[in-house]
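Taking it in order: structure first as structure tokens, then the write-up.
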Amino acid sequence: RGRQYNGVNPEGRDGFVRFSELVQYFLKLEGTSGRNALVEILAELFMRTPTEDVPPTAYLLQGRLAPYFEPVEIGLGNNYVADAIARAFGSDRATVLERFDRLGDIGEAAAEIAAESGSSPAPTRAPPVREIFDRLLEIARTTGAGSVGAKVETFASLLGELDPLSCNYLCRVPLGRMRLGVGDPTVLDAFSFAKVGDRSLRKGLERAYSETSDLGLVGKTLWEGGIEAVECLGVRVGNPVRPALAERLPSAEAIIAKLGRAAVERKYDGFRCQVHKAGDDIKIFSRNLEDMTASFPEIAEGARRQVVAGTAIFEGEALAYNPLSDEYLPFQQTVRRRRKHGVEETAAELPLRLFAFDILYADGERVMERSYTERHAILEHAVEAGDTILISEAHTTGEPEELLEVFNDSIQHGLEGIVAKRPDSPYQAGARNYNWVKLKRAQAGNLQDTVDCVIVGYIYGRGRRTAFGVGALLVATYDPERDVFPTVTKIGTGLSDVQWREVRERCEPYVSERKPARVESNIEPSVWVEPQVVIEMLADEITRSPVHPTGADEGGQGYALRFPRLVSFRQEDKKPEDVTTVTEIVELYNQQGARTTP
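520 is the number of the first residue of the sequence shown in the working numbering; add one for each residue after it.
Here you go:
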């Protein structure tokens, strides 16, 4: 533990890291595009970071003050941050916002105004990271009458103690847009390098993170007790578990050939929900780890009434239900239930039902390692019959014809298709493998399933599209091993005027002057966009292409979507890292030649 890394002592010069020193690392990260270089910079940072500062440093790298599932928000938007900048440096909101409009970044505006004021202290006098973090938490927890004014005043005071570069990055924190180009897998690699000099701890760290969803907790545990202590971390009520994901196969025959006998469930297109119960305390998390309890009050109440287990973590799919027509509504309708205001009115108009399909924890016992068959039996025992939470039915078969019958029945009920599950499989948090396989309804063209991609740039429009400012979208898949987003296609057709305008509005907060560090592209768009806006797409087929780097071989031949079109925006329920992976694209390409229509 006394190792040197790039000549820097792990304990740091002062026993702590000053915020001005941390932002020097932020500056290096923002100017670096290579994944290995990013890991090296972060490893150097964490080797200097004392144990108590590992969690706040990890959260700040995420643009957060707490794990994703904890709704800790500073509560200051652009205008209020501008007010704080103006107050700190003797300016006014209009001047700050004018700089913001010109520079495109509220942090850069703050740095420029701070430098011009001449009142900023030297970086060597900056407070430690822990102090800055604690004061930001204090701002976030300020509530009640006059709280906004108090938040602005405290934030302004904090800015007045920082040098211009530190002001730049501090102002990005309330907006959650650090623009560092660092994903969670990169931070986990850096943890490993900081401790042992290589990536050998990554698997254990990733497993713990998938089960706790708390990057700061994983880091602190590693610093305090080593990888042995990390291996003791696991699921706990109140911490969402990263959901297990399904692979794809092209037909009923292919599924039975791969799985043998399979438990076949209907596939619902709604909100993936993970319900945590501890007595009467209920938490409901989305698949992207957001706390949705307040938005889904009927599911919370249903869990209190119907779940007989004292403690439980179980998963299901929530769909909007029309009681007048006795039908389940499409995702575009269900998504309206994400509103945080007017919840009672929308709940009455679009009540939700939760189809529970798996259980991870029951009455103090972790059951993830048990077989699917055992878990389904535990789930049926843990949830009593009722009208809000229903158990997803499973039909076990080893015959393609029977699987096809379940598939067709699902389609006739207006659902997406089926998910086939290996009866003896465990639940693996965050894993995508052939323990679960999905089969969705056939679409026109050879690619018979939708794919999820993330927008990484757009090209200015011509003709009628000039008014929208967007004429074509550059979109990417995700490579989880390298934590990068390689492009896979451009979308230039199939969007309505309303959708083009919505694309511009959704992308606007994430526009970047340079190519984002985690984006791989051979195409230079008019405007780069940080990978945040997730879309669902259809395409006719997947082809080999020298243009897009998704799955590229040594000869530069990658994979691309042919004739892509937008189906829907999925930012509400999926993070960028949830989009279709490079491996999936390659497998879908290989399946095209062997596909038979379901």
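Note that CB positions come from ideal geometry on N, CA and C, so glycine has one too.
The structure presented is a predicted model; accordingly, all values stated were derived computationally and were not measured.
- Between the segment 761-773 and the segment 935-954 there are three or more C-beta pairs closer than 8 Å, enough to call the two in contact.
- The beta carbon of W1047 lies closer than 8 Å to those of V975, G976, V1030, S1031, E1032, R1033, K1034, P1035 and V1038 in the same chain, with the five residues before and after it left out.
- For C751, the number of other beta carbons within 10 angstroms of its own is below 16, and it is reported as exposed.
- Rounded to the nearest whole angstrom, the C-alpha separation of M887 and E589 is 24 Å.
- With contacts defined as CB atoms closer than 7 Å, E743 and Q825 fail to qualify as a contacting pair.
- Pairing L1107 with P1044 gives a Cβ-Cβ distance that is not under 7 Å.
- If you check the CB distance, P942 and A771 do not come in under 7 Å.
- The DSSP-derived three-state label of D799 is coil.
- The C-beta distance from Y880 to V756 rounds to 7 Å, short enough to fall under 8 Å.
- As computed with DSSP, I978 is found in a beta bridge with A991.
- S732 is positioned such that its CB atom lies closer than 7 Å to that of P759.
- If the five residues before and after L699 are omitted, its C-beta is found closer than 7 Å to the C-beta atoms of F545, L548, E549 and L580, all from its own chain and listed in chain order.
- DSSP, read as helix, strand or coil, puts Y847 in strand.
- Considering only L561, P945 and R1020, the residue with the shortest C-alpha distance to Q543 is L561.
- Per DSSP, reduced to three states, the secondary structure at H900 is helical.
- Our two residues, T916 and F790, have alpha carbons roughly 27 Å apart in a direct line.
- A direct Cα-Cα distance of roughly 20 Å separates L934 from I1054.
- Residue environment: V827 is assigned as exposed (fewer than 16 neighbouring CB atoms within 10 Å of its CB, all protein chains considered).
- The criterion of a C-beta distance shorter than 7 Å is not satisfied by G1013 and A991.
- In the structure shown, H860 adopts coil according to DSSP, grouped into three states.
- Unbroken alpha helix (DSSP H) stretches of 4 residues or longer found wholly inside the segment 547-632: 554-567, 573-580, 597-608 and 612-622, given in chain order.
- In the DSSP assignment, I1061 falls within the beta strand (DSSP E) that extends over E1060 to S1064.
- Between I593 and A669, the CB-CB gap reaches or exceeds 7 Å.
- Taking C-alpha positions only, S711 is separated from A813 by approximately 37 Å.
- Under the DSSP assignment, A875 falls in the beta strand (DSSP E) whose first and last residues are L871 to A881.
- Relative to the Cα of I908, the nearest Cα in the group L678, F608 and F874 belongs to F874.
- Membership of R1025 in the alpha helix (DSSP H) is indicated by the continuous run D1016 to C1026.
- By the Cβ criterion, the segment 635-651 is in contact with the segment 677-688, since at least three pairs of Cβ atoms, one from each stretch, lie closer than 8 Å.
- In this structure A601 is in contact with I625, their Cβ atoms being roughly 7 Å apart against a cut-off of 8 Å.
- Look at the beta carbons and you see the segment 626-633 touching the segment 685-692: at least three pairs across the two are nearer than 8 Å.
- Cβ contact annotation for T1099 (same chain, cutoff 6 Å, sequence separation greater than five): V970, D971 and T996, in chain order.
- Secondary structure at F535: coil, using DSSP grouped into helix, strand and coil.
- Nearest neighbour of R1001 by Cα position, chosen from R721, T892 and L655, turns out to be R721.
- A contact is defined here as three or more CB-CB pairs under 8 Å, and the segment 831-839 meets this definition with respect to the segment 781-800.
- V536 sits buried, since 16 or more C-beta atoms from the chains shown fall within 10 Å of its C-beta.
- Counting of Cβ neighbours within 10 angstroms places E571 among the exposed residues, the total staying below 16.
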